[in-house]
Amino acid sequence: MFNLLGSARKGARAVLAIAAAVALSACDVDLRDVGGGGGGTKSDGNAVDVALLVPYGSATPGDEGLARALENAARLAIADLGSGKINLTVYNTAGQAGTAASAASQAVAAGADIILGPLRSDAANAAAVAVSGSKVNVISFSNNTSIAGGNLFVLGNTFDSIASRLMTYAGSQGRNRVVVVYPRTPVGQIARSAIVKATAGTNVQVVGDGSFEFSEQGIVSAIPTIANTIKESGATAVMLTSNSTGALPLLAQLLPEKGVSPAVTKYIGLTRWDVPAQTLSLPGVQGGWFALPDPAPVAQFNSRYASAYGDNAHPLSGLAYDGIAAVGALAAKKLAMTKGNLTQSSGFKGVNGVFRFKADGTNQRAMAVAQVTNNQVQIIDPAPKSFGFGGF
Numbered sequence: 042m043f044n045l046l047g048s049a050r051k052g053a054r055a056v057l058a059i060a061a062a063v064a065l066s067a068c069d070v071d072l073r074d075v076g077g078g079g080g081g082t083k084s085d086g087n088a089v090d091v092a093l094l095v096p097y098g099s100a101t102p103g104d105e106g107l108a109r110a111l112e113n114a115a116r117l118a119i120a121d122l123g124s125g126k127i128n129l130t131v132y133n134t135a136g137q138a139g140t141a142a143s144a145a146s147q148a149v150a151a152g153a154d155i156i157l158g159p160l161r162s163d164a165a166n167a168a169a170v171a172v173s174g175s176k177v178n179v180i181s182f183s184n185n186t187s188i189a190g191g192n193l194f195v196l197g198n199t200f201d202s203i204a205s206r207l208m209t210y211a212g213s214q215g216r217n218r219v220v221v222v223y224p225r226t227p228v229g230q231i232a233r234s235a236i237v238k239a240t241a242g243t244n245v246q247v248v249g250d251g252s253f254e255f256s257e258q259g260i261v262s263a264i265p266t267i268a269n270t271i272k273e274s275g276a277t278a279v280m281l282t283s284n285s286t287g288a289l290p291l292l293a294q295l296l297p298e299k300g301v302s303p304a305v306t307k308y309i310g311l312t313r314w315d316v317p318a319q320t321l322s323l324p325g326v327q328g329g330w331f332a333l334p335d336p337a338p339v340a341q342f343n344s345r346y347a348s349a350y351g352d353n354a355h356p357l358s359g360l361a362y363d364g365i366a367a368v369g370a371l372a373a374k375k376l377a378m379t380k381g382n383l384t385q386s387s388g389f390k391g392v393n394g395v396f397r398f399k400a401d402g403t404n405q406r407a408m409a410v411a412q413v414t415n416n417q418v419q420i421i422d423p424a425p426k427s428f429g430f431g432g433f
């Protein structure tokens, strides 16, 4: 973790080494070639049988607590729906793709109408492949759009959704010449592609790239070239794809030092800049923009979670609540868990705001745009409360 500005370089090597190990992954089978999930056929008003696949038994540090947080959030959502609406069965995945596939098969054999989880993309892909012939859909907690399709939906906040919100807003504010700064990694390339795709239908143009080798020295060496690209392109905004555990602290310190002033060129983040809070004090993020879920329902959920379980909600736990909320909304209308019903255009309301699934298995989320003002988060464009906005 970077400790404000003075220790950005000092801690970069260790942080980058950890972050480099985190990459989006998927199994070899592409679910887009498997075929769509018909979904559970239950539409008679009886309780929906939901299988929750979470990483209990995982050897990865933190997974046990995250599994508990996801289960807690799911049970909180079930309680809000009222008794007799959803039957929940929890399956342990151990954080492994093979175990997740076995758990998914067991769940379908036991009569599950829909599967919620697993967490990571490789496990989610494996689970969906395992039950692809059953007409049972899988709503995973992953944000990896490359695995989406067929009977697999991703519930996590995607680069596509974030980039679309930010590029639309940037265009409306006259920040229509953007340079994208990203690491030369698979995730970096996915992030860049999401930004380029998000400019379609807007007046925003990507006028340059600022890529770098994903290492401390790689970032430092690339800074002069990136800064020149931003200046010479006439960019009015610079889009940073890195997060606070990756290259963001160095970029947000070194680019202003090389003359890319945040007062002239708007810095925009594809990731959350308020986590951890120290990120808000970085020079390059001052006056900059990033997207985040509607703070009001998130705060309400966090308060209720703490009251119910005596602990703080994990940042990802709201995804489990949202998944149950979507299932509950369909069940209330006596609708089966089919692909057609899951992709209803009106979407669903969750603790992270309104969202909806697309036919390709990805999702769209209504988010707020925030600005960093005096090291604090200021909402400058609230999250919409329904779809039919910003081209949605």
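Going letter by letter, the sequence shown gives residues 42 to 433 in our numbering.
Glycine residues also receive a C-beta, built at the ideal position from the N, C-alpha and C atoms.
All figures in this text were calculated on a predicted structure; none of them were measured in a lab.
- Closest in alpha carbon position to Val172, among Ala332, Ile188, Ser143, is Ser143.
- Approximately 5 Å separates the beta-carbon atoms of Gly136 and Thr101; this is inside 8 Å, confirming the contact.
- Below 8 Å, enough C-beta pairs join the segment 215-229 and the segment 270-282 to call them touching: three or more.
- Checking the DSSP bridge columns, you'll see Ile155 partnered with Val91, Asn178.
- By the 16-neighbour rule on beta-carbons within 10 angstroms, Ala361 is buried.
- Take Gly275, set aside five residues on each side of it, and the residues of its chain with a beta-carbon closer than 8 Å to its own are Arg218, Val248, in chain order.
- About 5 Å separates the beta carbons of Val89 and Ile127, which is inside the 8 Å limit, making them a contact pair.
- When only Cα atoms are considered, Ala151 and Lys399 end up about 28 Å apart.
- Nearest to Gln147 by alpha-carbon distance, out of Val195, Ile119, Gly103, Leu94, is Leu94.
- About 12 Å separates the Cβ atoms of Leu207 and Trp314, ruling out a contact at the 8 Å cut-off.
- Rounded to whole angstroms, the Cβ separation of Gly402 and Ala189 is 3 Å, and the two are in contact under 8 Å.
- For Leu281, the enclosing beta strand (DSSP E) starts and ends at 278-281.
- Excluding sequence positions up to five before and after Leu371, its CB lies within less than 7 Å of the CB of Met378, Asn382, all in the same chain and listed in chain order.
- Leu292 and Val245 have their C-alpha atoms spaced approximately 23 Å apart.
- Between the alpha carbons of Ala118 and Ala367 lies a distance of about 10 Å.
- Under the DSSP assignment, Ala411 falls in the beta strand (DSSP E) whose first and last residues are 408-414.
- With respect to the 9 Å criterion, Asn393 and Pro338 are classified as neighbours on the basis of their beta carbons.
- Counting only the Cα atoms, Gly229 lies some 11 Å from Leu311.
- The three-state secondary structure of Leu323, taken from DSSP, is coil.
- In the three-state DSSP reduction, Asp163 falls in the helix class (H, G or I).
- Judged by their CB atoms, Ala115 and Thr140 are not nearer to each other than the 9 Å cut-off.
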